[in-house]
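Mind the numbering: the sequence shown is residues 181 to 363 in our numbering, read in order. Right, one structure below, let's go through it.
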Amino acid sequence: MLIRTAEQDIKYVLFTEEQIASRVSELAKELCARLEGKRPLMICVLRGASFFFADLCRKMTMDLDMDFIAVSSYGSGATSSGAVRLLKDTRYDVEGRDLVLVEDIIDSGLTIQYLKRLYAARNPASITTVSFLDKDTGKPGKPGVDLCGYTIANEFVVGYGLDYADHYRNLPYIGVIKPECYQ
Ligand code: PRP
């Protein structure tokens, strides 16, 4: 069993706990304003978005439903395999509902594009996409989200739900890991 340490592998802290909390509060406020008078169905894309989802939902001052879905597009490496698979669907009938798809990070955009198409076909009233991070990959035509916490450079980030080969999800901050860890 390999045990990694943040002291060894983290190049620098990109967003502190305090910065994250403050930005999550802003996003929650923005979502509440957009969805005023509705009862949104908040959908967490496991596993990376779990901390962001929990923090976001508890900052939203409105009635809402919460559910969890699981999608896999990555193996244990640092780059996307490109193939999106739905591992666990929502238990709700989404027809006529205002859906909020919550992601931790948009990289290639393939996952969010897949999910938007999947749920759009079930006739929801609306779909709002939100991601805490959006990676600037420099690729033209990349699918985006409606609301984003931060756009970041094309570096490998971990923490606050984001992992590298299942390590570092539980870091309370978001950090950039040293390239030598995954090269
Ligand atoms: C990550 C992340 C997003 C997706 C983004 O999930 O949580 O769902 O990749 O990448 P994309 O924009 O290139 O599609 P991952 O498959 O690593 O699973 P995890 O959340 O369980 O770590």
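All residues carry an ideal CB built from backbone N, CA and C; glycine is no exception. Since the structure is predicted, the reported quantities are computational estimates derived from the model, not experimental observations.
When rounded, the separation of the alpha-carbon atoms in ARG184 and GLU360 is 13 angstroms. At a threshold of 7 angstroms, LEU226 counts as near the ligand PRP, since its beta carbon sits closer than that to one of the ligand's heavy atoms. Non-local beta-carbon contacts of LEU281 in its own chain, meaning distances under 6 angstroms to residues more than five positions away in sequence, involve ILE223, LEU295, THR309 in chain order.
Between MET242 and ARG219, the alpha-carbon positions lie close to 7 angstroms from each other. At a threshold of 7 angstroms, LEU290 counts as near the ligand PRP, since its beta carbon sits closer than that to one of the ligand's heavy atoms. Nearest to ASN350 by C-alpha distance, out of VAL356, TYR340, TYR344, LYS358, is TYR340. By the Cβ criterion, the stretch 313-322 is in contact with the stretch 283-295, since at least three pairs of Cβ atoms, one from each stretch, lie closer than 8 angstroms.
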